[in-house]
Every structure is written in C-alpha cells, then in structure tokens.
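Visitor: First the structure, then my questions, so here it is.
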Amino acid sequence: MLRRTRTRRGHRWLTVMMAITSLAGAVVVLSPRLSAGAAAAQCPWMDPTQSSDRRAGELLGAMTLDQEISMLHSTESTMMTYYGTAGHIAAIPQLCIPDVVLNDAGAGVGDGQVNTTAFPDGIAQASSWDPSLQQQYGTALGWEAWHKGINVMLAPGVNIARVPMNGRNFEYAGEDPYLAGQTSAAVIKGIQSQNVIATVKHYAANNQETNRMTVSSDVNERTLHEIYLPAFETAVKQGHVGSVMCSYNRINTVYACENPSMLTDILKKEWGFSGFVMSDWGATHSTAPAANAGLDMEMESYNNGQYFGAALKTAVQNGQVPSSRVNDMVVRILRSMFADGLFDHPAVPEPQGFAAVVNTPAEATVARNVAEAGTVLLKNKDGVLPLDGIGKKIALIGQAAGGHGAELAYQGGGSSHVPLAGSVPVVSPQQGITQRGAANGDAVVYADGTVVADAVAAAKASDVAIVYANDSEAEGSDRPNLGLNYGACGLVTCAQLPVSQDQLIEAVAQANPNTIVVLNTGGPVLMPWLNQVKGVVEAWYPGQEDGNAIASILFGDVNPSGKLTQTFPASQSDLPTQTTAQYPGTTVAGDTVGPHATYSEGLDIGYRWYDTQNISPLFPFGYGLSYTTFGYSNATVTRTTNGATVSFTLTNTGGRAGAEVAQVYIADPAVSGEPPKQLKGYQKVSLQPGQSSRVTIPLDSRAFARWDTSRHTWVVDKGTYTIFVGSSSRDLRQQAGVTLAARTLAP
Ligand code: BGC
Numbered sequence: 061m062l063r064r065t066r067t068r069r070g071h072r073w074l075t076v077m078m079a080i081t082s083l084a085g086a087v088v089v090l091s092p093r094l095s096a097g098a099a100a101a102q103c104p105w106m107d108p109t110q111s112s113d114r115r116a117g118e119l120l121g122a123m124t125l126d127q128e129i130s131m132l133h134s135t136e137s138t139m140m141t142y143y144g145t146a147g148h149i150a151a152i153p154q155l156c157i158p159d160v161v162l163n164d165a166g167a168g169v170g171d172g173q174v175n176t177t178a179f180p181d182g183i184a185q186a187s188s189w190d191p192s193l194q195q196q197y198g199t200a201l202g203w204e205a206w207h208k209g210i211n212v213m214l215a216p217g218v219n220i221a222r223v224p225m226n227g228r229n230f231e232y233a234g235e236d237p238y239l240a241g242q243t244s245a246a247v248i249k250g251i252q253s254q255n256v257i258a259t260v261k262h263y264a265a266n267n268q269e270t271n272r273m274t275v276s277s278d279v280n281e282r283t284l285h286e287i288y289l290p291a292f293e294t295a296v297k298q299g300h301v302g303s304v305m306c307s308y309n310r311i312n313t314v315y316a317c318e319n320p321s322m323l324t325d326i327l328k329k330e331w332g333f334s335g336f337v338m339s340d341w342g343a344t345h346s347t348a349p350a351a352n353a354g355l356d357m358e359m360e361s362y363n364n365g366q367y368f369g370a371a372l373k374t375a376v377q378n379g380q381v382p383s384s385r386v387n388d389m390v391v392r393i394l395r396s397m398f399a400d401g402l403f404d405h406p407a408v409p410e411p412q413g414f415a416a417v418v419n420t421p422a423e424a425t426v427a428r429n430v431a432e433a434g435t436v437l438l439k440n441k442d443g444v445l446p447l448d449g450i451g452k453k454i455a456l457i458g459q460a461a462g463g464h465g466a467e468l469a470y471q472g473g474g475s476s477h478v479p480l481a482g483s484v485p486v487v488s489p490q491q492g493i494t495q496r497g498a499a500n501g502d503a504v505v506y507a508d509g510t511v512v513a514d515a516v517a518a519a520k521a522s523d524v525a526i527v528y529a530n531d532s533e534a535e536g537s538d539r540p541n542l543g544l545n546y547g548a549c550g551l552v553t554c555a556q557l558p559v560s561q562d563q564l565i566e567a568v569a570q571a572n573p574n575t576i577v578v579l580n581t582g583g584p585v586l587m588p589w590l591n592q593v594k595g596v597v598e599a600w601y602p603g604q605e606d607g608n609a610i611a612s613i614l615f616g617d618v619n620p621s622g623k624l625t626q627t628f629p630a631s632q633s634d635l636p637t638q639t640t641a642q643y644p645g646t647t648v649a650g651d652t653v654g655p656h657a658t659y660s661e662g663l664d665i666g667y668r669w670y671d672t673q674n675i676s677p678l679f680p681f682g683y684g685l686s687y688t689t690f691g692y693s694n695a696t697v698t699r700t701t702n703g704a705t706v707s708f709t710l711t712n713t714g715g716r717a718g719a720e721v722a723q724v725y726i727a728d729p730a731v732s733g734e735p736p737k738q739l740k741g742y743q744k745v746s747l748q749p750g751q752s753s754r755v756t757i758p759l760d761s762r763a764f765a766r767w768d769t770s771r772h773t774w775v776v777d778k779g780t781y782t783i784f785v786g787s788s789s790r791d792l793r794q795q796a797g798v799t800l801a802a803r804t805l806a807p
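Set out below in structure tokens:
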C-alpha cells in the first residue's frame, strides 16, 4: 500500500511503499477487556454515574508515578507502528485504562489506515457555513475513527488564513475568527458524540509552513486575542473540546508548547479549559520548562518519551517539576477520557479495528453533501450555468478533471491526507460529468490540457468548455516552495495558479465563448482571465465524491450555496502582507533559533484589511452566487440584557429552491479602533421560490467587545454600533443601529 510517513528531523512528508501486512503485523497490543463486574470491583472509577472529575481523581489516587508518566508520552518509539496511527499510549489493564490511540484527522481517518472515507478538506467544510452539516461531518469522522480503534482524533484545525501562500490553509476554516470558531465547535461536537476526543489545533498563531518549526510569530496582545485566539476559545467554551494541540512555531519568541502565557494563563485559567494539551509531533523542546508552562502530553515521542518519559520522572524527583503538576497533567488526560466516553464505550480494539471497512455509502453521502454545500459559484454570466440544455457537446479540459489526474486535487497533502492506496474510491470529474451529462444526452470529450492545441480543438468543437485548474497544497511547505512552477511570483506575494494554467484557460476561452473554469485550490488564486470566461466555480479539494458533487452543481441538481471564507485578491500587491518582515519573516539580531514573522498588519487581515484600505477584492469574503436570488427586508435590532438581537426577513426572489447564508457584520464606534466591520453572526436558510422566512440572530456582548490592553480584558465601548445584514461582506442589504453603554467583560 501507499503510505505517508515522515523523517524524524524536520517532519517532511515522504511517500513510501509499505506492505499493509507488515504494518498490521508490526505490533500486537492486546487491549484490556474486563467483565463489567470485575471492572467495578477492581476499578471503582468505572462507575459511569460519577462525574468525570471524581472518576479521574479516584483513578489518579491509584496510580504510581511510573504509571502516571506512561500516560504523558507515546508508547511507540517509531512513527505510526501502532496499526498505522500517529500516536499510541499503552493501556494499563490492571487500572482499566484503555489504549489511547491518536490519529489524523481533518478530512478523514488517514495516516496508515485503509478503507476510510476521504472527505472534503477543511476549507470546503467551512465554505458551507452550515454548522449542522459540519456536525454531521464530525459525527461521520468520529464514527469511522472509533470503529478503527482510534479514540483521539487530531482535528479540527482552526488556524486563521493570514496569507494565501500558507501551504496548510486548505486544512483550516478561513480568515475570520468567528466563522472558524463556529465551524470548529460544530465539528468537535460531532467527533465527541462518538466516544472519541477531538483535538483543536495548532495553538496558536501557526499561520505559515515556511520555517514552521522555528519561526516566531510576533503578534501583539490585542491582535492575538481578537484574531488568532477566538476560534480556539470557542472550541473550548462552546465545543467543549477534550484536547488542544500546541503548535510548532514560537509566539513572541517562546515556543508555543512551552509558553506559560498561552498554555496556562490564557487557555487554562482565562478560558477554564479542563482538558489536556498535547504537543504537535516533535514540538516539545524541554522537560521542566514545558511541563511547568502547562504542556500535558508530549507527542510524538522518540526514545519512549524524550522529554516527558524518564527525564520527567527525574525532574519530579529532583524537584524541578512539582508532583502536583504531573498529577494535574494526568488528571486532565483522564478527565477528557472519562467525559468523552473512552472508558465507558471503548473503541473497537486492535487488530479488529484496523481491518474494519468504514467507508460505507452513508459516509460517502456525508462527503458528497459537504462537497456540494462547500462549493462556491463565483461567476455565472448569461446564466451559463446550470448546464440544463439537452444534447450538448461538452469539452472537459485539465489534469485535475480526468482519470488519474483527479488524484492531484481531491485533497491537500500531509498529515490530513487520506491516501488513495487506502482504498479511497475517488470519483473523477470526468466520470461524474460524463455520467450526469449522459442523462441529458450530452457528449463529454476530455483533453488533459498538457497539449494546449488539443484542448483548444476540443473546445472549438463543443458547445461548452469546462476547464479545470488546480494547485497542490501540502503540509510542510508554503505554495511557491511546493516544487510547482508558479512563474514569476516570489514567496512573499504568490497568489497565482501554478504551471501555466492561466495561459491554458485563456486559450480555451478564446476558442469557446461558453467557457467555465472549475478551481480545485486550497485557497485564493488570481484570475487574470476572469473577464474572458462566463463561469467560475471554486470546488476546493472536494474529497472522494469530487466528480459526483461537481456534476450536481454544474447540472443544477444542487443549487450552489457555499460562500467564500477568504478574500480573493485582485492583485498580489493588494495582500495585507507586503514585506518579508511580515511574511515569511526575517532574522532578528541575537535570536539564533529562527526568523521572526512580524504581524505588523495587526487586526487588518482578510476582509478587515481590504475594508480599512478601501481596496476592491476580486471576490470578497462571504461571497457566493446561487441559481436563485434572495431579498432582505425589514431589519430590526432590539437591545437585550446581554447585547442585542437582529431580525430580518429573507425571501427567495428567484425561480429555484436554494439556500442563502445571511451574514451579520458589526461596525463598532470609531473610538474602538476596530476594523470597519466584523462578522458576528450568520445563518444558512433554505427557501422555496417565493418563500420568506423571518431570521433572528442573537448577538451577545462579546460581539460588541474589543480587547483592552490596559485592563487585559474585553470591553464594550460606549456608543452606537451599526449592524449590517447581507449576502457577503461587500453586499450589505440592511442596516440598523444600537447604542450601548460602556461595559467590562471577563477575559
Ligand atoms: C502535524 C499535525 C498532525 C501530526 C500527527 C504534525 O506534523 O502538524 O497536524 O496532527 O503531525 O500526524
């Protein structure tokens, strides 16, 4: 089978061939199974009627220091030898503690697993703006994991898209902290409903892959709290996430995984996080500093726990780490294990779990629904879409559309990837469009686009040309370092499509007036050809149901309803980061660890930047077309004890059933120093033609608050706040004001 693993140093992903039989045969660990009666007698903490706190405390009281230490790092000294998973902590049968099996993650059960579903990537999930669908996705993911014997999923990822060049943006939920928080809370609830702990990652300010192990994200207190932390806070407070993964990078010079301000003061004290912090794989750099800063678990651990194994025991014995801290580390892990059902509903033990076939039709349906709901219709001139005529000739062009080529673009690369060799049945766009077209009597001709003349000939001979263009983003590198030819752009401002695809699109557009571009990208790209084509569809990395999902959208079986979670810039010179000091960072005298990326743009990333600077983007945040139209009317705002409530009427004013993501933005009084407006609420509403619905969205006091750096807490400024309601950040249809008194909130 084809399997991805990494070298230990530098964590670069390599693809290696490995026989599944040798993988399965590598380690045999028997999970403990006691009868209920025996368990209750031997392990009183197995009583499910007690609280998780009490059970964890009782169990801790029965543990030796060695047993405690064994819970704090991976058991295996080699990557992924425990049945193809990312990490493993061995069971302690005499204490009824099950194996802890940790695995990736954000778009399906991956690493060395087989027969699992390849779901759409995080950016596609988020672009649905649909928390109930995102929760269904999380449930499907948790269900697959549990049946594979995995009880800690290393998802979701919620890092904010600061620069389009970040090679991992495709794993995340876009540029807005509120949206990323809501998305992650929904996915977490789904995962944890299946007796599996979710892990929100990578905490925090982990916004680039260039120098990812050493870069210091230099970000001020206000920006950190308002932009880079809220999604994690929502994961903790609303999603009740069991685990947080600290990131590779440094934050203001201090490694994220030994940063007391981040791990203890903010996460555990301010937010009241009662679960555990694990390090990213190889992100632990010390024993006492990391443990005392608030890191609870070292992952991936070489030499049986490089820092949190024997070295931690010694540090406890010589007083460098208080035993109360080690107890706290263990209690946090046990508490999440009790709270999320790991003791009461143990995951299917290995090796049966490893053999399980979990990519059932039900999971494929979820994958398809997410892909369809996350696809964004960007342009539809003259109603070129949907393709509902009869008996057309369709030229389908581009490597990502056909046969083997689709493998390029169904998911991004790295730890989130669910490999094809893991028996993933990817439906290519060629298969999906040809099959669906046949129902209309359409004939589909495919050209891979590597010979432009062939593509042009196919386009000339057809009624419609559909051109696929893609990038191939992957963990470990930013866009221009991925080995693709991005042409002239440098690392600092590279937002264009790679490998001459712009020229291919232009050539096809000249040959056929009805050209539609479908993009499989992990984030925004420039579109120098936009005026020459009639249609543009952003399908992201859509997972294994790729061809079926795009066919539903193109032929109108599904009305597009996805909206952008990132601003698409019109030009590279419009990006909020324009200096190497901002991105990818420069060296600072006296710091030999790595470069510093200076977040000097502050709060002004994404649409906040474009609004502040008054720059027109190519496509704004929140934008996405439908085959129908929606009207907004009668917005009213009422003050509540805890903020305000906005209500408005949404009407489907067109001829097709469809869903609209109604968005609420707030403009704070000028005195606040906040960006011109910020997303603070949204709701996706499905309506039949002519149907109206009264939509009500509550806005709590945090929606009106900014971080105050003198009081180190959230404050609401006295003044009038304008509440906008609309279809995108640049298509605001209604507005109303509300005047609030000054108020100080808890941090
Ligand atoms: C990635 C994490 C992942 C972990 C385990 C790391 O390199 O940054 O996102 O969960 O590996 O595979």
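Per the working numbering, numbering through the sequence shown is continuous, rising by one, with the last residue being 807. Cβ atoms here follow ideal geometry from the backbone N, Cα and C, with glycine treated the same way. Computed from a prediction, not measured in an experiment: that's the story for all the values here.
Kindly indicate the opening and closing residues of the beta strand (DSSP E) around Val504.
Guide: Val504 -> beta strand (DSSP E) spans 503-507.
Visitor: Is the beta carbon of Tyr238 sitting closer than 9 Å to the one on Ala265?
Guide: Not in contact: Tyr238 and Ala265 (Cβ atoms no closer than 9 Å).
Visitor: Grouping DSSP H, G and I as helix and E and B as strand, with all else coil, what is Trp767?
Guide: Strand.
Visitor: Would you please state the rounded distance, in angstroms, between the beta carbons of Val256 and Met213? I believe it to be under 8 Å.
Guide: Indeed they touch by this definition, with Cβ atoms about 5 Å apart.
Visitor: Under 6 Å Cβ to Cβ from Gly645, same chain only, skipping five residues before and after it: list those, please.
Guide: Closer than 6 Å at the Cβ level, and outside the excluded window around Gly645, lie Val275, Pro655, His656, Ala657.
Visitor: Distance, Cα to Cα, Tyr528 vs Ser761?
Guide: Roughly 45 Å between the two C-alpha positions.
Visitor: Where does Asp791 sit, in a helix, a strand or coil, going by DSSP?
Guide: If DSSP states are grouped into helix, strand and coil, Asp791 belongs with the strands.
Visitor: In the DSSP assignment, what residue or residues form a beta bridge with Leu456?
Guide: Beta-bridge pairing links Leu456 to Tyr506, Ile526.
Visitor: Within this structure, are the beta carbons of Tyr667 and Gly682 separated by less than 9 Å?
Guide: Yes.
Visitor: Consider the C-beta atom of Ala719 and the heavy atoms of the ligand BGC; say whether any pair is separated by less than 8 Å.
Guide: No, Cβ of Ala719 sits at least 8 Å from all heavy atoms of the ligand BGC.
Visitor: Alpha carbon to alpha carbon, what distance is there between Asp325 and Glu318?
Guide: Taking the straight line joining both Cα atoms gives about 12 Å.
Visitor: Could you give the residue range of the alpha helix (DSSP H) that holds Tyr667?
Guide: Its alpha helix (DSSP H) spans residues 667-673.
Visitor: Hey, which unbroken runs of the beta strand (DSSP E) at 3 residues or more fall wholly within the region 557-609?
Guide: Listed in chain order, the complete beta strand (DSSP E) runs (minimum 3 residues) inside the region 557-609 are 575-580, 595-598.
Visitor: Identify which residue in Ala469, Asp617, Gln570 has its Cα closest to the Cα of Leu579.
Guide: That would be Ala469, whose Cα lies nearest to the Cα of Leu579.
Visitor: Give the C-beta separation of Ala521 and Lys453 to the nearest angstrom, bearing in mind that I take them to be a contact with Cβ-Cβ under 8 Å.
Guide: Confirmed, Cβ separation roughly 7 Å.
Visitor: Could you give the DSSP three-state label for Gly449: helix, strand or coil?
Guide: Looking at Gly449 - three-state DSSP - the assignment turns out to be coil, as it is neither helix nor strand.
Visitor: Less than 8 Å separating the Cβ of Leu323 from some heavy atom of the ligand BGC?
Guide: Because no heavy atom of the ligand BGC lies under 8 Å away, the Cβ of Leu323 does not count as near it: no.
Visitor: Taking DSSP as the reference, what is the three-state secondary structure of Phe398?
Guide: In the structure shown, Phe398 sits in a helix (DSSP, three-state: H, G or I).
Visitor: When we look at the beta-carbon of Ala79 and count the other beta-carbons within 10 Å, is it buried (16 or more) or exposed?
Guide: With a pLDDT of only 27 at Ala79, under 50, the local geometry of the prediction cannot be trusted, and the value read off the model is given with reservation. Exposed: under 16 other Cβ atoms inside 10 Å.
Visitor: By the three-class DSSP mapping on this structure, what secondary structure does Gln428 have?
Guide: Correcting the residue type first, residue 428 is Arg in the shown sequence and not Gln. It is helical.
Visitor: Are there any heavy atoms of the ligand BGC lying less than 8 Å away from the beta-carbon of Lys208, as far as the coordinates show?
Guide: Answer for Lys208: no, Cβ out of range of the ligand BGC.
Visitor: If we count the other Cβ atoms within 10 Å of its Cβ and call it buried at 16 or more, is Ser476 buried or exposed?
Guide: Classification for Ser476: buried.
Visitor: The alpha helix (DSSP H) that contains Gly497, what's its start and end?
Guide: Per DSSP, Gly497 belongs to the alpha helix (DSSP H) from 489-499.
Visitor: Using 9 Å as the threshold, is the C-beta distance between Asp27 and Arg395 below it?
Guide: Lying outside 61 to 807, the shown extent of the chain, residue 27 is not represented and no answer is given.
Visitor: When the Cα atoms are used, what is the spatial distance from Gln795 to Ile576?
Guide: If you take the alpha carbons of Gln795 and Ile576, they lie about 35 Å apart.
Visitor: Locate the beta strand (DSSP E) running through Gln412, then write down its first and last residues.
Guide: Premise fails: Gln412 lies in the alpha helix (DSSP H), 412-415, not in any beta strand (DSSP E).
Visitor: Between Ala422 and Gln377, what straight-line distance do the alpha-carbon atoms span, to the nearest angstrom?
Guide: Computed Cα separation, rounded: 52 Å.
Visitor: Going by alpha carbons, who is nearest to Ser660 out of Met338, Gln638, Val648?
Guide: Closest by alpha carbon: Gln638.
Visitor: Please name the residue, chosen from Ala146, Arg716, Tyr725, that lies closest to Thr741 on a Cα-to-Cα basis.
Guide: Per the sequence presented here, residue 741 reads as Gly, with Thr not at that position. Per the Cα distances, Tyr725.
Visitor: For Asn229, which three-state DSSP category applies?
Guide: Three-state DSSP puts Asn229 in a helix.
Visitor: Taking only runs that begin and end inside the region 289-353, name each unbroken alpha helix (DSSP H) of 4 or more residues, in chain order.
Guide: Here the runs fully enclosed are 290-297, 348-353.
Visitor: Pull up the CB-CB distance for Pro489 and Gly607, whole angstroms please, since I reckon it's below 8 Å.
Guide: Indeed, because the Cβ distance is near 5 Å, the residues count as touching under 8 Å.
Visitor: How about Leu214: is its Cβ closer than 8 Å to a heavy atom in the ligand BGC?
Guide: Under cutoff, so the answer is yes.
Visitor: If you reduce the DSSP assignment to three classes, tell me which class Tyr546 lands in.
Guide: Legend: pLDDT at Tyr546 = 49, less than 50; position of this residue unreliable, value from coordinates given subsequently. Reduced to three states, the DSSP call for Tyr546 is coil.
Visitor: Hey, could you find the ends of the alpha helix (DSSP H) Arg754 is sitting in?
Guide: Note, Arg754: premise wrong, no alpha helix (DSSP H); beta strand (DSSP E) at 752-760.
Visitor: Any chance the CB of Tyr263 is under 8 Å from a heavy atom of the ligand BGC?
Guide: No, Cβ of Tyr263 sits at least 8 Å from all heavy atoms of the ligand BGC.
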